[in-house]
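Asks: For reference, the structure I am asking about is given below.
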Amino acid sequence: MRLVTLIAFVLAWLTAPVLAIPVRAAEQSMIILDASGSMWAKISGKTKIAIARETLSTVLKSVPQTTALGLMVYGHREKGSCADIELAIPPAVGTEAAIAKFVNGVNPKGKTPLAASVRAAAEALKYTEDKATIILITDGLETCDADPCALATELKQQGVDFTVHVVGFGLTQEEGKQVACLAENTGGHYFPAADADELSKALAATVSAPPAPEPAKPSPAEEKPEKNVVAEAFLSEGGPSLADNSAVYWEIFKAGSGDEPEGDHVDFLYNGKFALHLPAGRYVATAKLDSWIERQVAFDVTDTAVATPKVVFDAGHVELTPKREAGGPDAGSDAALALDFGSYQTTYYGPSKFYAPAGSFKVKGSLGSASVEQEIAVEAGKEVKADIVIAAGVINNKAIYTEKGPEVDSSNVFFQVLSRNADINGERKRFGYTYGTGTKLDVPAGDYLLSAQLGSTTVETPFSIKGGEGKDVIVNLDAGVLAIKAPGAEKITVLSATKDIQGNRKELSYAFAEEHSDTLHPGDYLVQVTFKGDVATKEMPASVKAGERSEVTVQ
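Going by the working numbering, the first residue of the sequence shown is number 2, and it counts up by one from there.
And the structure:
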């Protein structure tokens, strides 16, 4: 990964023309790293945590020597704990190698306590006494019943000079808005990062960028425009500006032959509109909307006039809501929306808002094995809302030993949803599977069999489901448990009591152990035990009753 330019500017828009504000790690700064379970998700084939490790390792090499930097991590030690927050590296000068080493050993697994981790970091920085800056890297929203926005306001009011910068790693635009308040309410900046390159740029702007030198004041005779470039992006020709929209990302290059970008970028910025000063010359600006809709414009810069490059994305805003049935509630984040724009594909989960080029694109909505394909038309500058109806129901899988007997309480029950009809080879199509009673499966509307397997018992129960319907499907195993103890045994085998026409007994289950249990239909069986050493094999008859546990000892 190429090290990005160390001088980075982040835009804050108040009035036009706007100023590019340099963002850098303060004298006392704390990185908060998201190590929740979702960091195992992949971007372009690589896990988010791997991307974060590599990016931090590179960017930390360019941290100014005067910066006291610390590391706080959450979600890396316990699943489901909102208190799993660790001050891994206290803020100090020269901690970069220690931070990189700790991050390389992080194993994501827990929840996302954004507010609690920001408060803990603020207190570690003594924010009520000293200037304090926090750089929060998160790939998810608050999951611990706290209000990060209210906390940011509180800390800003109580702190001496307290700022939070937020890097939203792989967040949708809508999710980004929900965490951006941590930055906005403290005077910081929000950086969307959809991939490794954008994460590297965001961290360079917040962690490693040195202070921008104070510009020398020109004499009256040398007065020039303070900002000689004001660039602006639009969704459609003649439409409103995307002025303060952080979904727009710019890179500025020197122009080569044919007005193609030449060399490394000379600057990068977020926002639909920006203003900055560039040396006189010819440049090319590339602008991306939602990280992939890209436009390019070449422009000339002089010392005496303001250049005003403009890009029009020719795109619209799309809002898709997955549903299990027409007119029903949204299907939630279990529903996947796979978008196909031809040269670009991506997937969202649950209700989603994003930008799309004018024209049409395909979306495939899926819930478990249920899916639907739909084409969405987009008009430049317009908003389109559409429901993606995935005709699916939800079944609650349950198993019982007998009609009136106990319920099966086991995570070993293997449930499968199968087609009612078998193919020419006698095989049934599978529409989903899971382990454990009390689990749920999304199933396309239709008629099916729910197969439950526990031990040597497999039973299939027919059921029907409609889109948007939820129902319990109960499988009666009509079985009991045979528990066998055989001290000194090398192998325990459960066989059918009767022999087939060839004189052989059917082997139902076995275990290389001194104890073995199996779930069996009611009836008679034979237990065969092979002992260790020079001990003869022994056999013992056993009977199983539905809903009961039968215990035998062979010795």
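C-beta: ideal position from N, C-alpha, C; glycine also.
Compare the beta carbon distance of T134 and S258 with 8 Å and say whether it is the shorter of the two.
Replies: No.
Asks: Going by DSSP, which residues form a beta bridge with E376?
Replies: According to DSSP, which records beta bridges pairwise, E376 is partnered with K363.
Asks: Look at the alpha carbon of I136 and the alpha carbon of H166, and state the distance between them as a whole number of angstroms.
Replies: So the alpha carbons of these two residues sit roughly 5 Å apart.
Asks: Is D443 near R421, with beta carbons less than 8 Å apart?
Replies: Result no, Cβ atoms of D443 and R421 do not sit closer than 8 Å.
Asks: Nearest-angstrom Cα distance between S497 and S510?
Replies: So the alpha carbons of these two residues sit roughly 10 Å apart.
Asks: Are the CB atoms of T59 and L200 within a distance shorter than 8 Å?
Replies: No; because the gap between Cβ atoms is not below 8 Å, this pair is not in contact.
Asks: Between W251 and A194, is the Cβ-Cβ spacing less than 8 Å?
Replies: It is not a contact, given that the beta carbons lie outside the stated cut-off.
Asks: Run through the region 382–416 for me and flag every whole beta strand (DSSP E) of 3 or more residues, listed as ranges in chain order.
Replies: 384–390, 393–401, all fully within the region 382–416.
Asks: My parser needs the beta strand (DSSP E) runs of 3 or more residues fully inside the region 213–293; what are they?
Replies: Qualifying beta strand (DSSP E) stretches, in chain order: 230–235, 249–256, 262–271, 274–277, 282–290.
Asks: Which one or two residues does DSSP pair with Q529 in a beta bridge?
Replies: In DSSP, Q529 forms a bridge with T494, E540.
Asks: Does the region 486–493 come into contact with the region 501–518, if we say contact requires no fewer than three beta-carbon pairs (one atom in each stretch) closer than 8 Å?
Replies: Result yes; three or more Cβ-Cβ pairs closer than 8 Å.
Asks: Which runs of the beta strand (DSSP E) at least 3 residues long sit entirely within the region 41–124? Give them in chain order.
Replies: Counting whole runs of 3 or more residues, the region 41–124 contains the beta strand (DSSP E) stretches 69–75, 86–94.
Asks: Identify whether D473 lies in helix, strand or coil by the three-state DSSP scheme.
Replies: In the structure shown, D473 sits in a strand (DSSP, three-state: E or B).
Asks: Under 6 Å Cβ to Cβ from F192, same chain only, skipping five residues before and after it: list those, please.
Replies: So the list reads V168, A203, once near-sequence residues are dropped.
Asks: Measuring only the C-alpha atoms, how far is G76 from P310?
Replies: The alpha-carbon atoms of G76 and P310 are separated by roughly 44 Å.
Asks: Report the start-end ranges of each beta strand (DSSP E) in the region 306–350 that is 3 residues or longer and not cut off at the edges.
Replies: Taking only runs of at least 3 residues, the beta strand (DSSP E) segments lying wholly in the region 306–350 are 311–313, 316–324, 337–341, 346–350.
Asks: V482 lies in the beta strand (DSSP E); which residues open and close that run?
Replies: Here the beta strand (DSSP E) through V482 covers 481–486.
Asks: Roughly how many angstroms lie between the CA atoms of S82 and I425, to the nearest whole one?
Replies: Cα to Cα, the separation comes out at about 51 Å.
Asks: Helix, strand or coil for E508, going by three-state DSSP, please let me know.
Replies: E508 falls in the strand class under three-state DSSP.
Asks: Are there 16 or more other CB atoms within 10 angstroms of the CB of T113, so buried, or fewer, so exposed?
Replies: T113 is buried by the Cβ-count criterion.
Asks: Quick one: what's got a C-beta closer than 6 Å to A87's C-beta in the same chain, skipping five residues either side?
Replies: The residue asked about is misnamed: residue 87 is Glu in this sequence, not Ala. Same-chain partners within the cutoff: V74.
Asks: In chain order, what residues of the same chain have a beta carbon less than 8 Å from the beta carbon of A197, not counting five sequence neighbours either side?
Replies: Correct list, in chain order: M2, I44, S45, K47, I52, E55, T56.
Asks: For the ligand FAD, I want to know if I100 counts as a neighbour, meaning its beta carbon is within less than 7 Å of at least one of the ligand's heavy atoms.
Replies: Ligands are entirely absent from the displayed structure, and the ligand FAD is therefore not among its contents.
Asks: Can you pull the DSSP bridge partners for D301?
Replies: Answer is R283, bridged to D301.
Asks: Nearest-angstrom Cα distance between V528 and G468?
Replies: Going by the C-alpha atoms only, they are around 48 Å apart.
Asks: Would you mind working out which of F163, G177, V64, I401 sits nearest G189, comparing C-alpha positions?
Replies: The candidate whose alpha carbon is nearest that of G189 is F163.
Asks: Please list, in chain order, all residues of the same chain as P523 whose beta carbon is under 6 Å from its beta carbon, the five residues on each side excluded.
Replies: Correct list, in chain order: V545, K546, A547.
Asks: Alpha carbons only, please: which of A288, S372, L279, D35 is nearest the one belonging to R325?
Replies: It is S372.
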